[in-house]
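K.L.:
For what it's worth, the numbering used here labels the leading residue of the sequence shown as 13, then goes sequentially.
Idealized CB from N, CA, C, for every residue including glycine.
Keep in mind that this is a model prediction, so the values were computed, not measured.
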Amino acid sequence: MRDHSSLPVRIEALNETAGSGLSLHVTADVNRCGADLPGDLLAKLLGAVRALVTAPDGPVGVR
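1. Look at the alpha carbon of R62 and the alpha carbon of S35, and state the distance between them as a whole number of angstroms.
2. Does P50 pass the burial test, meaning 16 or more other C-beta atoms within 10 Å, or should it be called exposed?
3. Quick one: grab the DSSP three-state call for L36.
4. Identify every residue that forms a DSSP beta bridge with V21.
5. Work out the CA separation of G31 and D48 for me, nearest whole Å.
Structure, rendered in structure tokens:
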């Protein structure tokens, strides 16, 4: 499912077809949020996903 939004930040987690895995997409209005926000947010989300994969019972947080 894909939905379009007028919000300044959009995060999508998509289950790709044919078993190719999960993809994360971060889109942001850089005029409102700054040019660094999409990359910074994506890096933090990927860190949280890695933590879930390597230690599924451990604490996970995004700061």
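P.N.:
The structure says:
1. Mapped onto the sequence shown, residue 62 falls at position 50. Mapped onto the sequence shown, residue 35 falls at position 23. Rounded to the nearest angstrom, the two C-alpha atoms are 13 Å apart.
2. Taking the sequence shown and counting its residues from 1, one reaches residue 50 at position 38. By the 10 Å Cβ count, P50 comes out buried.
3. In the sequence shown, the residue the question calls residue 36 occupies position 24. Secondary structure at L36: strand, using DSSP grouped into helix, strand and coil.
4. Taking the first residue of the sequence shown as 1, we reach residue 21 at position 9. BP columns for V21 point to A40.
5. Reading the sequence shown from its first residue, position 36 is the one you call residue 48. Reading the sequence shown from its first residue, position 19 is the one you call residue 31. Answer to the nearest angstrom: the Cα atoms are 31 Å apart.
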